[in-house]
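A short worksheet on the structure shown next.
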Amino acid sequence: MAEDPRLMDTKTNDDAGSSRAALWRSAREWIAVIIVALLAAFVIRVVVVQTYFIPSNSMAPTLEVGDRLMVYKLAFRVGQVDRGDLVVFNRPPSIENSQLKDFVKRVVALPGEQIQAINGVVYVDNLPLPEEYLSENSLTADFDPIDVPKDHIFVMGDNRSNSRDSRSFGPINVDLLVGEVFVRIWPLSNAGRP
């Protein structure tokens, strides 16, 4: 018995329609997944972590020109700043002639402490600061005692003779902190915690 050709056309059109509907449904799902992924990436970048590029050798040998870092932006919202932390901070208002928006330095003194350098040795509250991160030929120029105010920190570059830091622009307000460096991601040969 032969099938009615009109019924076959209807069946073919129904299959094509359901196939198009399934394709459209799948496309909408993928678009939703992509939008959610982009929003999540945006929120993570703005709120949680961000990458930074090292433009100078002020932190050598710890960080070199061209290194790329991941910075945990919530570090100081959920925790406190500690001596030795590598921090990213916004350019202090006292620095006018700099094209840099952000700086990366090491925290060497905390609020309420006094810092000075005598004969190339940094002292915090009259105790020598152990600085194993400095290269052997690093020279810290002497400077008079500086009292670090409340809500401020004193930062210095590890390459002391080639770093613009708190010795020139003074202690920085903790409100300028962007976050803490937690990993170097480039170059791959030096990837890991700096």
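Residue numbers (our numbering): 1139 to 1332.
Each residue gets a CB set at the ideal place from its N, CA and C atoms; glycine is no exception.
Mind checking residue i: buried by the 16 CB within 10 Å criterion, or exposed?
{"i": "Lys1243", "result": "buried"}
{"i": "Leu1201", "result": "buried"}
{"i": "Ala1255", "result": "buried"}
{"i": "Phe1214", "result": "buried"}
{"i": "Val1286", "result": "buried"}
{"i": "Gln1303", "result": "With the sequence shown as reference, residue 1303 is identified as Asp, and Gln is not the correct amino acid for it. Looking at its Cβ environment, which holds 16 or more other Cβ atoms inside 10 Å, Asp1303 is buried."}
{"i": "Val1174", "result": "exposed"}
Closest to residue i by CA distance: which of the options is it?
{"i": "Tyr1210", "options": "Phe1227, Val1186 and Asn1275", "result": "Val1186"}
{"i": "Ser1273", "options": "Arg1229, Ala1198 and Leu1176", "result": "Ala1198"}
{"i": "Arg1322", "options": "Gln1188, Ala1165, Arg1166 and Leu1176", "result": "Gln1188"}
{"i": "Leu1326", "options": "Arg1163, Gly1204, Asp1303 and Ile1172", "result": "Gly1204"}
{"i": "Pro1283", "options": "Leu1265, Asn1235, Asp1220 and Ala1170", "result": "Leu1265"}
{"i": "Asp1240", "options": "Arg1221, Ser1156, Ile1291 and Gly1317", "result": "Gly1317"}
{"i": "Asn1297", "options": "Gly1330, Val1219 and Glu1269", "result": "Glu1269"}
{"i": "Ser1306", "options": "Arg1166, Ile1233 and Ala1165", "result": "Ile1233"}
{"i": "Val1289", "options": "Ser1299, Ser1196, Ile1173 and Gln1218", "result": "According to the sequence provided, residue 1289 is Asp. The question's Val does not apply to it. Here the closest residue by C-alpha is Gln1218."}
{"i": "Gly1250", "options": "Ile1169, Phe1292, Ala1160 and Tyr1271", "result": "Phe1292"}
{"i": "Val1319", "options": "Arg1206, Met1294, Ile1172 and Pro1230", "result": "Arg1206"}
{"i": "Val1245", "options": "Asp1220, Leu1238, Pro1332 and Arg1229", "result": "Asp1220"}
{"i": "Ala1279", "options": "Ser1299, Gln1237, Gly1295 and Met1294", "result": "Ser1299"}
{"i": "Val1181", "options": "Leu1212, Leu1238 and Ala1329", "result": "Leu1212"}
{"i": "Ile1253", "options": "Met1208, Gly1330 and Met1294", "result": "Met1294"}
{"i": "Leu1095", "options": "Ala1159, Ser1156, Glu1167 and Phe1191", "result": "As displayed, the chain neither begins before 1139 nor continues past 1332, which places residue 1095 out of reach and without an answer."}
Which residues does DSSP list as the beta-bridge partners of residue i?
{"i": "Glu1087", "result": "The question about residue 1087 has no answer, for the chain in this structure spans 1139 to 1332."}
{"i": "Ala1255", "result": "Val1260 and Phe1281"}
{"i": "Tyr1190", "result": "Leu1207"}
{"i": "Gly1295", "result": "Paired residues: none, contrary to the question."}
{"i": "Trp1168", "result": "Bridge partners of Trp1168: none, in fact."}
{"i": "Asn1311", "result": "His1290"}
{"i": "Asp1240", "result": "Asn1228"}
{"i": "Gly1217", "result": "DSSP output for Gly1217 lists no bridge partner at all."}
{"i": "Leu1265", "result": "Val1262"}
{"i": "Val1181", "result": "Looking at the DSSP assignment, Val1181 forms no beta bridge with any residue, so it has no partner."}
If I'm right that residue i touches residue j with Cβ under 8 Å, what's the distance once you round it to whole angstroms?
{"i": "Ala1247", "j": "Val1259", "result": "About 14 Å; that fails the 8 Å criterion."}
{"i": "Ser1164", "j": "Ser1301", "result": "The pair is not a contact, with the Cβ atoms about 55 Å apart (cut-off 8 Å)."}
{"i": "Pro1230", "j": "Leu1314", "result": "6 Å"}
Please decide whether residue i counts as near chain D, where near means a Cβ-Cβ distance under 7 Å.
{"i": "Phe1307", "result": "Among the chains in the structure shown there is no chain D, since it carries only a single protein chain."}
**Request:** Kindly confirm or deny that the segment 1220-1234 and the segment 1302-1318 touch, where touching means at least three C-beta pairs closer than 8 Å.
**Result:** yes
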